[in-house]
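In our numbering, the protein residues as written are 3 to 62.
A virtual CB, placed ideally from N, CA and C, is assigned to each residue, including glycine.
Predicted model only: the values in this text are computed from it and were never measured.
Structure record follows, encoded as structure tokens.
Here's what the structure looks like:
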């Protein structure tokens with residue numbers, strides 16, 4: 003765990019302190035990851051809807 007925290011500090015994603023805290027760069031990075039996750043969920047929902055519509059069309 004200490005090794006991972008050190009790597010995050012070296013990357014500028016954590017503030018150097020006793021209790022690990024995200025740096026401004028780390029918070030930006032986290033927001034970008036959350037945006038990617040949200041987009042993936044949205045895309046998966048659209049793909050599921052397309053599958054249902056195409057399956058319904060085949061059955062009719």
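Taking all protein chains in view, the Cβ of residue 32 is surrounded by fewer than 16 other Cβ atoms within 10 Å, so the residue is classified as exposed. Residue range 4-12 is occupied by the alpha helix (DSSP H) that includes residue 7. DSSP links residue 17 through a beta bridge to 23. Here residue 55 is exposed. Its C-beta has fewer than 16 other C-beta atoms within 10 Å.
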